[in-house]
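Chains as they are written, first to last, in my numbering: chain A, 1 to 336; chain B, 337 to 666.
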Amino acid sequence: MPLLAVNDLRTYFHTRNGVYRAVDGVSFSVERGETLGIVGESGSGKSVTCYSIMGLIPQPPGRIESGSAMFDGIDLLRCPPKVARSIRGKRVAMIFQDPMTSLNPYLRVSEQLIEPLLIHENISRPAALKRALEMMEAVGINDAARRIHFHPHEFSGGMRQRVMIAMALITRPELLIADEPTTALDVTVQAQILDLIRRLQRELGMAVIFVTHDLGVVAGLCDQVQVMYGGRIMETADAATLFKNPLHPYTRALQRSIPGLQPKGQELFTIPGLPPDVSKPLPGCAFVARCGFAAEVCSAGRPELLTVAPGHAHACIRAQRGEISVAELAKWEAHA
Amino acid sequence: MPEDILELRDVKTHFAIQSGFLVKRHAGSVRAVDGVTLSVRQGEVLGLVGESGCGKSTLARTILQLVPTTAGTVILNGRNLTAASRSELLASRRDLQMIFQDPYASLNPRMTVFATLAEPLLVHRVCRRSEVAGKVAEIMSRVGLAPRFAQKYPHEFSGGQRQRIAIARALALNPKVIVADEPVSALDVSIQAQILNLLAELCRGMNLTLIFIAHDLSVVRHISDRVAVMYLGKIVELGPAADVIDHPAHPYTRALVSAIPVPDPAIERGRRRVVLAGDPPSPINPPAGCSFHPRCRYAIEACKAAPPPLVPAGPAREAACIRLGELPPS
């Protein structure tokens, strides 16, 4: 049984301007100790997926319309609040993009670090502080004994992110959800934080869901990768396959847009048009308006995420029917 | 040989820090830009990279004289901007324009696209009032915006389109030099590629000189002819973009390049990285000597003595490291 199994999750936002289908029927699972990468552009629904699992969607305007998120046999979306609270922050923890807005500026770091322990474990304050200190050292903060009493503003961005990781991992969670934890950081600091997550994951044996828009980060960190677009999963595969043999035109287009992968000076491959407006119903494939292979069948009905090889599934109906050959893909890329 | 259009000579921009509530005391200064000498050739794309806080944005603002220069000179097309009067400075903006990072903050939300693009034309009396409409339409189509959107407001556009408006505004006066401060950092990859293509095409088509600031080295490598790497207010390495990024000479550039994740699992998992310890030091109190020495794995006693000058490091390349010849090949 997977550690977390999300099935047909739909999270909609009901606003004055219409219904935004931020997450529109997403299913995936995470095994113990596995790292799942979720990639996509802004508005693709990757963060809302995580927030839904963590119960952090403001309701209203948000509403989880359907679906389930089974964590070790318990549905996080339907279970009584008391049960959910006993899991969140204890067995499932989350870290966020911006450590300045997710730490409380008024409280000393020590208070924030021990809070999850005091809530979830029957532990005395001094013992909790001792654990907090060990955790500060484990995430690589020098002079931890003194700095544990600092306020968040006294740390640099990278150090704050370490504090947040320490706070998330202090209860030794089985699943860590990381929502773009390195996006706000410089590359040299990002390298430090990624190393840290990798090492702690090994030591604690936890599973990680890593949300990012950076395909480079995914390549180095994740076992399984899923690509989201317009609130849906377009393709999912193990990292090596996704980069070597992507089958969905969107995955290919996304990879081709990265400057580092293209010869210098040549015009960059671009995806024409804009991401879809999720406040309008998308009867067909979400990528249909920008896809070079779109046919009538693509706007007729929503393509299913079909498994084509063990661990590799995609939602391109034409590729599933074998109508798009690799040669044709290459031709499109050369012309676009 | 194209001539130098922009020249910086030992430019320093320091910000004073004051302490005290009623009686202000001078408590030191942030050395955001601390001695930059650089010349930019006509028609060239110069990439400027470095981590946050290294002074690259302050350098951009210094070139445009949006912040007062502490020392040194900025020379644009033979005119010394640091000594220019207000009216001379205004006139120089015809040749020198800027594009900012955040297209949500840099456009006036109360001005239509037309008003935004007409303003520079009217201020600088580029054309007669009756010709403005035609000119605005021409600029809009040049950046890939349909002229029928002229009466719309910025909030009606997506991030990528807003950045096109910002580029159009910078182009309105037919400038010779554009300074773009992280113009694609706020955009998604697919949109980023569109804007990079547009900038590259405009540079070629209009013989523009572009100073392109970014923290993303792969973007800079793609668009730039030359690249300058900054660390703590100084340029530590300078040279042809692909050479510098593929074969970095300075230890800091090496660390920076090795920190970029490569979007290919086969390469990414196999390679060794130089992980820098700690954070960049504070520009208020930079380390003595080479400011990189506390984090540098090759640092020796002599590195702490004096700030190293830029010395030749290969064809058309310079780097500021006294141990260049002794370093292992990158």
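Beta carbons: idealized from backbone N, C-alpha and C, even for Gly.
Examine chain A for any beta-carbon lying closer than 8 angstroms to the beta-carbon of residue i, and answer yes or no.
i	result
B/Pro597	yes
B/Asp524	yes
B/Gln530	yes
B/Val555	yes
B/Glu604	yes
B/Leu546	no
B/His586	no
B/Asp615	yes
Taking Cβ-Cβ distances shorter than 7 angstroms, what residues in chain B pair up with residue i?
i	result
A/Gln192	Val611
A/Ile233	The premise fails here: A/Ile233 is roughly 18 angstroms from chain B at the closest Cβ pair, so nothing lies under 7 angstroms.
A/Lys337	For residue 337 of chain A there is no data in the structure shown, the boundaries of chain A being 1 and 336.
A/Pro173	The premise fails here: A/Pro173 is roughly 25 angstroms from chain B at the closest Cβ pair, so nothing lies under 7 angstroms.
A/Leu274	Ser494
Mapping the DSSP letters down to three states, classify residue i as helix, strand or coil.
i	result
B/Asp517	strand
A/Pro272	coil
B/Leu574	strand
B/Ile527	helix
A/Ile123	coil
B/Gln433	strand
B/His551	coil
B/Gly496	helix
B/Gly606	helix
A/Arg10	strand
A/Asn142	coil
B/Thr394	helix
A/Met206	coil
B/Lys348	strand
B/Ala363	strand
B/Asp370	strand
B/Ile411	strand
A/Met100	helix
A/His151	coil
B/Leu358	coil
B/Met566	strand
B/His491	helix
A/Arg302	coil
B/Arg659	coil
A/Gly220	helix
A/Ser257	coil
B/Asn543	coil
B/Val580	helix
Counting only C-beta atoms, is residue i closer than 8 angstroms to chain B at any point?
i	result
A/His312	no
A/Ile119	no
A/Ser156	yes
A/Pro116	no
A/Pro259	yes
Taking the C-alpha atoms as reference points, what is the distance between residue i and residue j?
i	j	result
B/Cys632	B/Ala591	9 angstroms
A/Ala253	A/Val278	20 angstroms
A/Ser47	B/Leu344	44 angstroms
A/Leu9	B/Ala635	54 angstroms
B/Met542	B/Ile501	18 angstroms
B/Arg367	B/Thr373	15 angstroms
A/Cys285	A/Gly43	16 angstroms
A/Ile165	A/Arg199	12 angstroms
B/Leu417	B/Glu424	8 angstroms
B/Phe357	B/Phe351	18 angstroms
B/Ser521	B/Ser594	20 angstroms
A/Met228	A/Leu169	27 angstroms
B/Val513	A/Ile177	45 angstroms
A/Thr183	A/Asp214	8 angstroms
List the residues of chain A whose Cβ lies closer than 9 angstroms to the Cβ of residue i, in chain order.
i	result
B/Glu387	Asp186, Val187, Thr188 and Val189
B/His491	Simply none; closest approach about 13 angstroms.
Just to make sure I have the definition right: I need the residues of chain B whose C-beta is within less than 8 angstroms of the C-beta of residue i. Which are they?
i	result
A/Phe269	Ala529
A/Gln255	Pro599
A/Val217	Pro597
Cβ of residue i versus every heavy atom of the ligand NAD: is any distance shorter than 7 angstroms?
i	result
A/Met135	This structure simply doesn't include the ligand NAD, nor any ligand for that matter.
Can you name the residues of chain A whose CB is closer than 8 angstroms to the CB of residue i?
i	result
B/Pro533	Pro is not the amino acid found at residue 533 of chain B; the sequence shown has Asn there. Neighbours of B/Asn533 on chain A, chain order: Glu267, Leu268 and Thr270.
B/His551	Asp186 and Val187
Starting from residue i, find everything on chain A with Cβ-Cβ shorter than 7 angstroms and list it in chain order.
i	result
B/Ala591	Thr188
Select from the region 183-214 of chain A all residues with a C-beta closer than 8 angstroms to any C-beta belonging to chain B, and list them in chain order.
Asp186, Val187, Thr188, Val189, Gln190, Ala191, Gln192, Leu194, Asp195, His213 and Asp214
Quick one, which residues of the region 36-68 of chain A are near chain B if we go by CB-CB under 8 angstroms, in chain order?
Glu41 and Ser42
Give, in chain order, every residue of the region 219-252 of chain A whose Cβ lies closer than 7 angstroms to some Cβ of chain B.
Ala219, Gly220, Ala239, Ala240 and Phe243
Pull out every residue of the region 124-144 of chain A whose Cβ sits closer than 7 angstroms to any Cβ of chain B, in chain order.
none
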